[in-house]
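Everything on this sheet refers to the single structure shown next.
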Amino acid sequence: MRPLHLDLKGIIPSGKKFLKWLNWFRTRGFDALVLEYDCRVPWEVWKGAGSPLLTKNAVKRLVGYAERLGFEVIPLIQIHGHLEWILKNRRYGFLRENGNLNELCPCHAESFTRMSQWIDEVAELHPHAEKIHLGGDETWHLGSCPRCGKAMENDPAQRGRMGLFLDHAAALCRYAWEEKHLRPMLWDDMFCSAASLPSPAAFPEETVFVHWKYGGEVTDRLDLIRAAGFEVWGASAIRCAWRGHHWKALNPIGERLENIANWEKTGLPVLHTTWGRPNNLWNLYGPWEALIPEFTAAGSPEKWSVHPWRSFARRLDAALLHDKREALKTLADEALSLPGADAVEEEAKNWFHLGIRYELLHQESLDLLQTRRCLSVLNRYGCRDRTRTADYDALSRECRRKTELWARDLLDFWRRNELSDAAEYLDTRLAGIYGCVARKNPERSGFSSAE
Ligand SMILES: [Zn+2]
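So the number in our numbering is just where the residue sits in the sequence shown, counting from 1, plus 10.
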């Protein structure tokens, strides 16, 4: 089994282009899709929250198409942590754990009711689904509100914070299985970060635990959960946070390929995760076109082992990580002349070209910032050289001109590929170029070219 996770809170293509991507993912060897809906669907139970881009009919079309292509489709919603998109709204503030925007209070009387209603809504959209992923990772504030404090005190088994997590998550896993006949799946980090594994006996035996590890030794804590007797999957990251992700356009590829290859060696079913934002209160990553090497390596390791872009990917990483400007200039041209096996790869070449140009503009603008500061200090010491100032002004104008050209090409790319969130993505990248001011458009936008 080769499952692919797509985090839809990131940049997504229009419905029409999404179908093309599904075809492409199938040709790359994936046979199951875990769709993390988050804020992108207008859920009845969370009225007024989120920035929906997919109607329920659009979801049904996508899911039906994917199933006809041979994918098993597994919907993913979060039932405890990472609910920023809901809890940041004042009208749902009453559900926050001790005022935190990311986490639900598991002891609030409405928590189970709302979450089970949400499971009902999701199940209705997926009449053929066999599984549902209920998230459950990174509930860092567990047990911090007075209500939860009291529940811990009154727990006859004195299980502490983990008792709260187990009761809430297990009750919803049982609901999914017993009422909806959906095998529940859960991230396992809350179990594996504990000093000893709390008993997961309250979960239905059909529960699948997913052990995500995006770097280093991937199986070092896996035996904790495996020993409990449940089905266990691993999880790699095709994309997750990297240094400077809030303004950079290109992510390092090598560390992702290494993580994917390390999971491949385990022989376990591996869910390859493709994150769209770190969370709903942080920045967008790039479009899926940026991830062709990683998608290929995860779906078809044998295809990646002979892929003609391997050397390019390696040299691009080296140039990005060590700020090699001349190498980047060469690679920007080389990106456009790479062999493209299909339409998706052809667009990915354009993306790498744009990403490298952006990296060069960032570096150039920082040089100009330093020069401006030095000229200003020199002026105070009587070193006024009009020629030098004129040179600086000309270079600044040239940098602005290239930035405008880059922004225009980026928007062309967005329109051609019918991608969401053009304004937010462009503005946050321009923030990485010194001297640029983000345009005044604070609204999260939808597709630049609507479906
Ligand atoms: Zn609480």
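Just so it is clear, CB atoms sit at the ideal spot from N, CA and C, and this is done for glycine as well.
Mapping the DSSP letters down to three states, classify residue i as helix, strand or coil.
i, result
"I248", "strand"
"H15", "strand"
"P279", "coil"
"L32", "helix"
"K412", "helix"
"L93", "coil"
"G25", "helix"
"H178", "helix"
"T37", "helix"
"N112", "strand"
"C446", "coil"
"T340", "helix"
"A59", "coil"
"S321", "helix"
"H191", "coil"
"W314", "helix"
"P85", "strand"
"K223", "coil"
"W243", "strand"
"S154", "coil"
Among residues of its own chain, excluding the 5 on either side of residue i, which ones have a beta-carbon nearer than 6 angstroms to its beta-carbon?
i, result
"W314", "T306 and A307"
"P210", "A238"
"N110", "H151"
"W273", "V228, G244, S246 and V280"
"E304", "I248 and R266"
"G442", "W257 and H372"
"W34", "V354"
Spatial neighbours of residue i within its chain, please: C-beta separation below 7 angstroms, excluding the five flanking residues on both sides.
i, result
"S154", "E107 and N108"
"R236", "V242"
"P288", "A251"
"L18", "L45, E46, Y47, D48, R50 and G286"
"R184", "P214"
"H2", "In the structure as shown, the chain begins at 11 and stops at 461. Residue 2 is therefore absent and cannot be evaluated."
"D498", "With the chain covering 11 to 461 only, the question about residue 498 has no answer from this structure."
"A212", "L176 and A180"
"E189", "none"
By how many angstroms is the C-alpha of residue j removed from the C-alpha of residue i?
i, j, result
"L421", "A432", "7 angstroms"
"E374", "P311", "37 angstroms"
"T123", "L97", "16 angstroms"
"M162", "A181", "17 angstroms"
"H178", "R426", "45 angstroms"
"G309", "W31", "13 angstroms"
"E268", "K66", "37 angstroms"
"F175", "D147", "10 angstroms"
"M11", "R71", "23 angstroms"
"A342", "H317", "19 angstroms"
"G296", "Y435", "8 angstroms"
"L29", "R36", "11 angstroms"
"K141", "I89", "15 angstroms"
"R411", "A404", "11 angstroms"
"A139", "K57", "24 angstroms"
"G60", "R157", "27 angstroms"
"E357", "S126", "41 angstroms"
"G91", "L105", "12 angstroms"
"T399", "D333", "27 angstroms"
"L192", "T217", "9 angstroms"
"F201", "W187", "20 angstroms"
"R383", "P13", "52 angstroms"
"R335", "L370", "7 angstroms"
"G39", "R101", "43 angstroms"
Please state whether the Cβ-Cβ distance between residue i and residue j is less than 8 angstroms.
i, j, result
"W150", "N290", "no"
"G350", "K359", "yes"
"W53", "E131", "yes"
"L388", "A417", "no"
"L330", "L260", "yes"
"Y402", "T381", "yes"
"G445", "S386", "no"
"A300", "G365", "yes"
"I248", "T276", "no"
"T438", "N293", "yes"
"G159", "A167", "no"
"F362", "A337", "no"
"C409", "L376", "no"
Ordered along the chain, which non-local residues of its own chain (more than five positions away) have a Cβ less than 8 angstroms from that of residue i?
i, result
"V220", "H143, M195, L196, W197, D198, V242, W243, G244, A245 and L281"
Measuring from the CB of residue i, is there a heavy atom of ligand 3 at a distance below 7 angstroms?
i, result
"E107", "The model on display carries ligand 1 but not ligand 3."
* **Three or more C-beta pairs below 8 angstroms linking the segment 74-82 and the segment 110-120** => Segments in contact, no.
* Asked: Does the segment 27-44 touch the segment 81-88, meaning 3 or more C-beta pairs lie closer than 8 angstroms?
  -> Short answer: they touch.
* Quick one: any contact between the segment 317-327 and the segment 251-271, if contact means 3 or more CB pairs under 8 angstroms? -> Output reads yes: the segment 251-271 touches the segment 317-327.
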